[in-house]
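Since the structure comes first, as structure tokens, the remarks are kept for the end.
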Amino acid sequence: MSVIHGQNFLMVPGPTNVPDRVQRAMHRNSSDHRAPDFPEITHSVLKDLKKVFCTETGRAFVFSATGTGMWESGLTNCLNPGDSILTVRLGQFSHLWIDMMERLGFNPIVL
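Here the working numbering is used: the sequence shown runs in plain steps of one and ends on residue 600.
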């Protein structure tokens, strides 16, 4: 493992450490979603995401939320309250996932 002095590393699935070059790039003003070039930039990003996911026929989808927000979206858009979900309890994130299932009215079956 390489060491960068002066930085602490959080060794969990997320949040991740952001490299200095990325942090510097983030100090630029953000693009206005109403700017004339925004649709072209968005199209380019979605096209490049297809390369990242190694697909030519699939559709890239950008979802702006935390991981927890994506969990909730996946559950509520793919299942109905009362549905049973087979799951496992293997650490802190799985505990949170199961708690969310219960709060949303699903029936988690924990192995």
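In this text, a Cβ means the ideal position worked out from N, Cα and C, and glycines have one as well. Treat the numbers as computed from the prediction; the structure is a model and nothing was measured.
Rounded straight-line distance, which links the Cα of residue j to that of residue i
i: ARG592; j: THR565; result: 11 Å
i: LEU535; j: ASN596; result: 35 Å
i: ARG510; j: ARG517; result: 12 Å
i: ARG523; j: ILE574; result: 41 Å
i: LYS539; j: GLY571; result: 35 Å
i: PRO525; j: LEU579; result: 47 Å
i: PRO508; j: SER533; result: 23 Å
i: HIS584; j: TRP560; result: 13 Å
i: ASN569; j: GLY594; result: 8 Å
i: GLN581; j: ASN506; result: 20 Å
i: CYS543; j: ILE530; result: 20 Å
Reference residue i, options the options, closest by Cα
i: THR606; options: ASP526, ASP537, GLN512 and ARG517; result: This structure leaves residue 606 out entirely; the chain is present only between 490 and 600.
i: GLY558; options: ARG578, LEU568, MET589 and VAL577; result: MET589
Status (buried if at least 16 other CB within 10 Å, exposed otherwise) for residue i
i: MET515; result: exposed
Whether residue i touches residue j by CB criterion (8 Å)
i: VAL551; j: THR576; result: no
i: SER562; j: ALA549; result: no
i: PHE527; j: SER520; result: yes
ask   = Hey, which unbroken runs of the alpha helix (DSSP H) at 4 residues or more fall wholly within the segment 524–551?
value = 527–541
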